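Each number in our numbering comes from the position in the sequence shown (counting from 1) with 82 added on.
Below is one structure, written out as structure tokens; the observations come after it.
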Amino acid sequence: MYVCVCKAVTEREVHAAIRDGARSLRELRTDLGIIEECGRCAGCARQCLRDAETRDASASHALHFTPPNLTLSEAV
83 MYVCVCKAVT EREVHAAIRD GARSLRELRT DLGIIEECGR CAGCARQCLR
133 DAETRDASAS HALHFTPPNL TLSEAV
């Protein structure tokens, strides 16, 4: 799906920029040129950033999960 029609930037490209380190709308604008023309893509780009934050938080939680019936020394 296109996030920015003005610059023909897709959601896939936005997610790739986020994976490569973009953490703000300003960084996405610098990397991809979005939000420079009409600005309608800002909401979708912001949602992509939120989705990435949620995924990162979930992955971090999963990495630190210890099953309730094991102590930390048994899990290692």
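We put the beta carbon where it would ideally sit given N, CA and C, even for glycine.
Note that the structure is predicted; figures quoted are calculated from it, not measured.
Alpha carbon of residue i to alpha carbon of residue j, nearest angstrom
i	j	result
Arg111	Val91	11 Å
Val87	Glu119	10 Å
Tyr84	Leu114	13 Å
Cys130	Gly121	15 Å
Glu93	Ser140	21 Å
Glu135	Asp102	14 Å
Arg137	Val96	15 Å
Range of the contiguous alpha helix (DSSP H) that encloses residue i
i	result
Val96	93-101
Arg122	Counting along the chain, Arg122 falls outside any alpha helix (DSSP H), and DSSP gives it neither H nor E.
Assumed close pair residue i, residue j - CB separation to whole angstroms, cut-off 8 Å
i	j	result
Arg128	Leu107	6 Å
7 Å Cβ shell around residue i - same chain, five flanking residues per side excluded
i	result
Ile116	Val85, Cys86, Lys89, Val91, Leu110, Cys123, Ala127
Ala104	Leu110, Asp113
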